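This note's numbering puts the first residue of the sequence shown at 3, with every later residue one more than the last.
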Amino acid sequence: MTMMTPQPLDQQEDEEMLVPHSDLVEGPQPLVEGPQPMEVAPADNDNTRSVGNQANEEPQASRFTWTIENFSRLNMKKLYSDVFTVGGYKWRVLIFPKGNNVDFLSMYLDVADSATLPYGWSRYAQFSLAVVNQMHNKLTVKKDTQHQFNQRESDWGFTSFMPLSDLYDPNKGYLMNDTCLVEADVAVRKVIDYWAYDSKKETGYVGLKNQGATCYMNSLLQTLYHIPYFRKAVYHMPTTENDIPTGSIPLALQSLFYKLQYNDTSVATKELTKSFGWDTYDSFMQHDVQELNRVLCEKLEDKMKGTVVEGTIQKLFEGHHMNYIECINVDFKSTRKESFYDLQLDVKGCKDVYASFDKYVEVECLEGDNKYHAEEHGLQDAKKGVLFIDFPPVLQLQLKRFEYDFMRDTMVKINDRYEFPLELDLDRDNGKYLSPDADRSVRNLYTLHSVLVHSGGVHGGHYYAFIRPTLTDQWYKFDDERVTKEDVKRALEEQYGGEEELPQTNPGYNNTPFKFTKYSNAYMLVYIRVSDKDKIICDVDEKDIAEHLRIRLKKEQEEKEDKRRYKAQAHLYTIIKVARDEDLREQIGKDIYFDLVDHDKVRNFRIQKQMPFNLFKEEVAKELGIPVQFQRFWIWAKRQNHTYRPNRPLTPQEEAQTVGTLREVSNKAHNAELKLFLEVERGPDLQLVPPPEKIKEDILLFFKLYDPHKEELRYVGRLFVKSTGKPLEILMKLNELAGFASDQEIELFEEIKFEPSVMCERLDKRASFRFSQIEDGDIICFQKWPPPETDEQVRFADVPSYLEYVKNRQIVHFRALERPKEDEFCLELAKNHTYDDVVERVAQHLSLDDPSKIRLTPHNCYSQQPKPNPIKYRSVDHLIDMLVHYNQISDILYYEVLDIPLPELQCLKTLKVAFHHATKDEATILNIRLPKPSTVGDVLNEIKTKVELSQPNAELRLLEVFYHKIYKIFPTHEKIENINDQYWTLRAEEIPEEEKNLGQHDRLIHVYHFTKETAQNQVQVQNFGEPFFLVIHEGETLAEVKARIQKKLQVPDEEFSKWKFAFLSLGRPEYLEDSDIVSTRFQRRDVYGAWEQYLGLEHSDTTPKRSYNASQNRHTFEKPVKIYN
């Protein structure tokens, strides 16, 4: 399952930005709140699952070059290239020259003939798109991905391909003579049709169903299941026939493993996730396999305590290592033994598993400033490291494919090539990984059992597993529901990652080979020790499974088979739903208030369509004990006002027909149901009597009684009346039904309809039923009259006001916005309450005098979180408008208590500003709140009242800082309404005196801190720390500038001597000597993107790192994996 998490556009990782171009995403998007410029998906789309077992033939590949002239003068929104053919398919490139609702060039690969292709078509391609840099080929912008193209997603690519500012800058080299060169490398593999594929028949194994985003869990469960010793231990965990799988993790896991072993089709995991305490939302949250593995094993270890299988998890997975620190010059050594269930191995900078183990046991020297404090010996030079005491029988290696990039302040995926062997020898080089205490008689030779793969990017993707269950040469791929046979090359080499090179079939003028980053690569490895192989790959059969579990699961299988048969024969049957007086009595006033009955809760019969209806009546006689001669059935009808009432009795001719024919007469909809009302009459002695003959004059009416004191509505019975008769004539009978005195005065109301609003009108007791347009199936509500006074005891004095209340009542759960998971209180409100009514009730509950200080935020039903934007003051008419989310109605609202009334706050703009004092290191964070028409000058004046300045007349300025670069100095007249402080920092600072009196030849330059990092064989500059401006004078040498910088930043000599200085333009450093004249590098005054030319200070980043935060939005909910039960 591909999960989508939008990022701020400025933070997107290049290779992760893949979207179908279709202009805007419509309708509810699960888990993604608010309008997106585009739906953002990770590099590997979920659809690529269907290409897991591609045909073995080599892919066909080709390069297409598109020359676009007069590029800057293009005025259309989008532009298609000529059609080109690869792999027998027609393709074209689609670009948005001015961006697809973003400030980036947007570019996609499109299936050129998608409109004419047959229904259900699909094709798979790996491709890259590039904008060629015509000055420096090395600076060509190239992005690659893979996608399963189909009717719904006939184009795929990059909405934010490259910034328009770079593309249109004539100095950057992407437009030469106003011509743009676009290259598309496309490789096509044929897709195999899997619709008719039978995993059990083809492989002997079955897969697991995906609940939404549970492929990560499925791959782990298959891996654990295929460790037979583990499966046997799970089967031997004590459970009883009284346990419920959804409430017991052991039973749910036993049930799942049993089905994997004996089922013929794929197995559902819902029971197991419910036993974890997960709701549907958890099933749509993609988590980390490593984290789930750890949490699940801890939980099972805990559940196994005190049972026959106690200690199994430790026996299988637990190893031990020794952390040591050994002094070099004195005899002192400190050691600490620790256990592990899995090992985290570095991928970055390591070519294979052995290199990772080498790095794991690498010795670190503690010397210089980093000496070790060795108790009585004081500070000493020492060696620090880790060695292994023992390895477990089943060795789980977690490969660190994901890591946090502090420079970019985001998580990144490492797709580098990383090899792992089929046989792993951890005794190599005379046991260099082993501690002196290790038992050398144990041979630590391991064979590979399973490879868990992640395909995609950091924000989502897909998981599957390659497993060889019996450690033979035959591998299998477990990809959710599908299991396929695979060879060792696909399980090993193809999961190393790195780049894939494809040959060209028709090379153009550019003969460079096609290279694609492989987004699918190993993420977790499971090795089994060869000497323990026979013990771990043991036989597991029915005798290992508790009898109650076998009985329960066989019964489940039989029920499943019955259901399947039931479904298969459904077209031969009709469901007849029979409502009776008993159902009306039971339901009205409890389950329902309007109409007469909920048909889903009445007795139903499954009857063959060919059965004559008269025979069905005999069936009813047997089931309900009502002889055929006392039964009369009425057909229900849906009226134009959307109510559903008994309409007329069946005629003798109709009763002679078959059930199927009757269903077609009564129900135009093509469902297999026939709804009937069974009229049964009883005499004064309550004995059954035949139903009275009904003539045209007779009308069947249903009666409900309302009690205003109890706020209770109940069904009291039905009567036949004459259409010429009047309600006055039945008052005594109604009093008798209600248990009132015969002369009790009562008032009658006709319940007409309740959608979209309630219509309940007083019935004229003196007018005839015909005059009042009363007919069969109508409902009359009545109550004592005159009604009581409305007061605290009686809220709804009459039937219409009570029905109005019932129709609109809504229990709302209120949560404090800062604690969005906890219900604080509930209020019973009405859907038609106004905005003012709602905030007034909340304020009343909170004992707050001013309701306008309450601000409400609606709930997102899909993500189970607050929506990003609160409700504006009186911007919605009614409570129902606050609760509706697409086609769902929520019952949750979030509240805040503001320090000023909301209408006032809405007229203000709040900016978060970091004030940097001229002499103090620590920045002060200020929340500045001013009227929206205010200017930056007003903000600076406000700041002056809140901070301590170095001198009373100090002048301030406001800067926009993003990723440690200064992008803008705000003019004092700029309106604050348009300033966005959500993704970048606003910084206020004093303007230094030297900047106020710039000489004619002085320059104000940007100065940034940076480090260099090598990634995928390319050196990248990463900025960090606080950027600043500096005045440089004509003729000033670097040595002089350095002295001023050291003084400004107050860096000690020893540290400052290690710093290097460089002029950087477009991210390329040019190192400077002390004698260089700095001003000669900064000759151009008005360079577009001045922040791209700066004086760089290269040194190590010693600032404390802030913890990773997925988003800087108002609400961030990073959910860890939790198993609650």
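Note that the Cβ used here is the ideal one computed from N, Cα and C, for glycine as well.
Here the structure is a predicted model, which is why all the values come from computation and not from measurement.
Where the beta strand (DSSP E) through H550 begins and ends: No beta strand (DSSP E) holds H550; the alpha helix (DSSP H) holding it covers E549 to A570.
Rounded distance between the beta-carbons of D1078 and T1039, thought under 8 Å: In this structure T1039 touches D1078 by the C-beta definition: roughly 7 Å separates them, less than 8 Å.
Cβ contact check for the segment 200-213 and the segment 258-275: 3 or more pairs under 8 Å: These segments touch.
P789 in three-state terms, based on DSSP: In the three-state reduction of the DSSP assignment, P789 falls in the coil class.
Helix, strand or coil at H322 according to DSSP, with G and I counted as helix: DSSP places H322 in strand when its eight states are reduced to three.
Boundaries (first-last residue) of the beta strand (DSSP E) holding D429: That residue, D429, is in no beta strand (DSSP E); it is neither H nor E in DSSP.
Stretch pair the segment 438-453 + the segment 418-430: three plus CB contacts closer than 8 Å: Counting Cβ pairs under 8 Å, three or more are found: they touch.
Buried or exposed (CB count within 10 angstroms, at least 16 for buried), F773: Answer is exposed; the Cβ neighbour count stays below 16.
Whole-angstrom C-beta distance between V188 and F98, which should lie under 8 Å: No, F98 and V188 are not in contact; Cβ-Cβ is about 20 Å, not under 8 Å.
Inter-residue spacing [alpha-carbon to alpha-carbon] between R665 and A658: If you take the alpha carbons of R665 and A658, they lie about 13 Å apart.
Endpoints, alpha helix (DSSP H) assigned at E830: E830 -> not in any alpha helix (DSSP H); beta strand (DSSP E) instead, spanning F827 to A832.
Q316 in three-state terms, based on DSSP: Reduced to three states, the DSSP call for Q316 is helix.
C-beta contact flag for L961 and V899 at 8 Å: If you check the CB distance, L961 and V899 do not come in under 8 Å.
The segment 917-934 contacting the segment 965-972, beta-carbon criterion three pairs below 8 Å: Taking a contact to require three or more Cβ pairs closer than 8 Å, the segment 917-934 and the segment 965-972 do not qualify as touching.
C-beta contact flag for S83 and F160 at 8 Å: Result no, Cβ atoms of S83 and F160 do not sit closer than 8 Å.
Opposing strand residues paired with A384 [DSSP bridges]: By DSSP's assignment, A384 forms a beta bridge with C329 and L368.
Simplified DSSP state of Q631, which is helix, strand or coil: Q631: helix per DSSP, three-state reduction.
Same chain, Cβ closer than 6 Å to V938, neighbours up to 5 away in sequence not counted: Closer than 6 Å at the Cβ level, and outside the excluded window around V938, lie L960, F972, T974 and E976.
Straight-line gap, D180 to N72 (C-alpha atoms, nearest Å): Taking the straight line joining both Cα atoms gives about 5 Å.
Buried versus exposed, by CB contacts within 10 Å (16 or more), G54: In this prediction, G54 scores a pLDDT of 36, lower than 50, which makes its location untrustworthy; no coordinate-derived value is stated.
Collapsed DSSP secondary structure at S780 in the structure displayed: One point to set straight first is that residue 780 is Asp, not Ser, in the sequence displayed. In the three-state DSSP reduction, D780 falls in the strand class (E or B).
Extent of the continuous alpha helix (DSSP H) to which E944 belongs: Element bounds for E944: V938 to K946.
Cut-off 7 Å between Cβ atoms - residues of its own chain near P686, not counting five sequence neighbours on either side: Here the set comprises nothing.
K261 versus E303: straight-line alpha-carbon distance, rounded: Cα to Cα, K261 sits roughly 23 Å from E303.
Three-way DSSP call (helix, strand, coil) for I882 in this model: In this structure, I882 counts as helix in the three-state DSSP scheme.
Close Cβ partners of T205 (< 8 Å) along its chain, the five nearest in sequence each way excluded: Taken in chain order, the residues that qualify are Y478, V485, T486 and K487.
Burial state of D146, where buried means 16 or more other Cβ atoms lie within 10 Å: Flag for D146 reads buried.
Which of helix, strand or coil DSSP assigns to Q589: DSSP places Q589 in helix when its eight states are reduced to three.
Anticipated Cβ contact below 8 Å, R2 with G433, distance rounded: Residue 2 cannot be examined here, being either before or after the span of the chain that is shown, 3 to 1127.
Boundaries of the alpha helix (DSSP H) in which L137 is found, first to last residue: Here residue 137 turns out to be Met, not Leu, going by the sequence shown. Taken as a continuous stretch (DSSP letters only), M137 belongs to no alpha helix (DSSP H), as it is neither H nor E.
Residue from P395, R1046 and V941 with nearest C-alpha to F319: Taking F319 as reference, the option from P395, R1046 and V941 with the minimal CA-CA separation is P395.
N649 beta carbon less than 8 Å from that of W1: In the structure as shown, the chain starts at 3 and stops at 1127, and residue 1 therefore has no counterpart that could be examined.
Supposed contact pair L1074 and A1064 - C-beta distance, whole angstroms, cut 8 Å: Contact between A1064 and L1074 holds, with the beta-carbon distance rounding to 6 Å and staying under 8 Å.
Inter-residue spacing [alpha-carbon to alpha-carbon] between Y1 and E757: No information on residue 1 is available, as it lies outside the stretch 3 to 1127 that the chain covers here.
Delimiting residues of the alpha helix (DSSP H) encompassing Q1048: L1040 to L1051 is the span of the alpha helix (DSSP H), which, as asked, contains Q1048.
Whole-angstrom distance between K914 and L958, CA atom to CA atom: So the alpha carbons of these two residues sit roughly 16 Å apart.
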